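**Student:** Okay, here's the structure, questions in a sec.
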Amino acid sequence: MNTKKRSCTDEAATQLNELYAGVIHHCLKKINRYPDHNDYDDFYQLGLITLFDTYETCLKDALATENSFLFVSYAKQKIHWTFLDQIRKDRKKENREAYLSEEELEEIPNAVSFEYQLEQEDLLQRLCACLTAEENAYLRDALDGLNITEIARKQNISRKTLYKRRRHIQTKASSFLKG
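Sequential numbering from 3 applies to the sequence shown in my numbering.
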């Protein structure tokens, strides 16, 4: 069936609903939506809209008896695909809503204990005392969340130099933590 736009008048819509409501019910059963399901009415309406759209784009007149068989198979497939698309959209939306929003995450108390934070800050201060000014500048920028490229631009030095500083800091930190 080709696509050619035809207008779906109120009279045509009523006839389509009377003739092809069974197609919508069949598609609803195929996706396990029954009258007691929460979104049954929403899917039925979506099926009607798709039926009307299919009528408008169908090349042959769906209201003519000789074309009903072709129209039924065409409409059934389009309605079924539309239902599956809607189910996918609903699942994506549910999955997105399942994740906590950033505001909710901020309300969760920090899992790290106060004592542990103090210990980490103390270790960091003692490590910084052992580092050169350049190494401290690198470490401060890295702890602020800047990547190597951003730090290189900010400090106006090459990335290679920063990688060397980083290795020196790692060496000092590992020996510092062991001893």
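The beta carbon of each residue, even a glycine, is placed where N, CA and C say it ideally should be. Treat the numbers as computed from the prediction; the structure is a model and nothing was measured.
1) Below 8 Å on the Cβ atoms is my contact criterion, and I expect residue 48 with residue 84 to pass it. Report the Cβ-Cβ distance as a whole number of Å.
2) So the alpha helix (DSSP H) residue 150 belongs to, where does it begin and stop?
3) With DSSP as the reference, label residue 92 as helix, strand or coil.
4) The alpha helix (DSSP H) with residue 143 in it runs from where to where?
5) If we ignore side chains and look at the alpha-carbon of each, how far apart do residue 69 and residue 75 end up?
6) Look at residue 52 and residue 81 and say whether their C-beta atoms are less than 8 Å apart.
7) Do you know whose CA, among 66, 165, 129, lies nearest residue 17's CA?
8) Are the beta-carbon atoms belonging to residue 130 and residue 141 less than 8 Å from one another?
9) Inspect the beta-carbon positions of residue 157 and residue 144 and report whether they are closer than 8 Å.
10) Assuming residue 77 contacts residue 25 (C-beta within less than 8 Å), just tell me the rounded distance between them.
11) Which stretch, first to last residue, makes up the alpha helix (DSSP H) that contains residue 26?
12) Just confirm the distance between the C-beta atoms of residue 167 and residue 150, as a whole number of angstroms; I'd bet it's less than 8 Å.
13) Determine the direct distance from the alpha carbon of residue 20 to that of residue 92, and round the result to whole angstroms.
14) Drop a sphere of 10 angstroms on the beta-carbon of residue 193, count the other beta-carbons inside from all chains shown, and report buried for 16 or more, exposed for fewer.
15) Are there 16 or more other CB atoms within 10 angstroms of the CB of residue 154, so buried, or fewer, so exposed?
**Tutor:** This is what the structure holds:
1) 6 Å
2) 150-157
3) If DSSP states are grouped into helix, strand and coil, residue 92 belongs with the helices.
4) First-last of the alpha helix (DSSP H) with residue 143: 135-145.
5) 11 Å
6) Contact flag set, yes.
7) 66
8) Cβ distance < 8 Å, so residue 130 and residue 141 count as in contact.
9) no
10) 6 Å
11) 12-32
12) Actually they are not in contact, since the Cβ atoms of residue 167 and residue 150 sit about 10 Å apart, beyond 8 Å.
13) 29 Å
14) The structure shown does not extend to residue 193, since the chain is modelled only from 3 to 181, so the question has no answer here.
15) Its Cβ being crowded by 16 or more others within 10 Å, residue 154 is buried.
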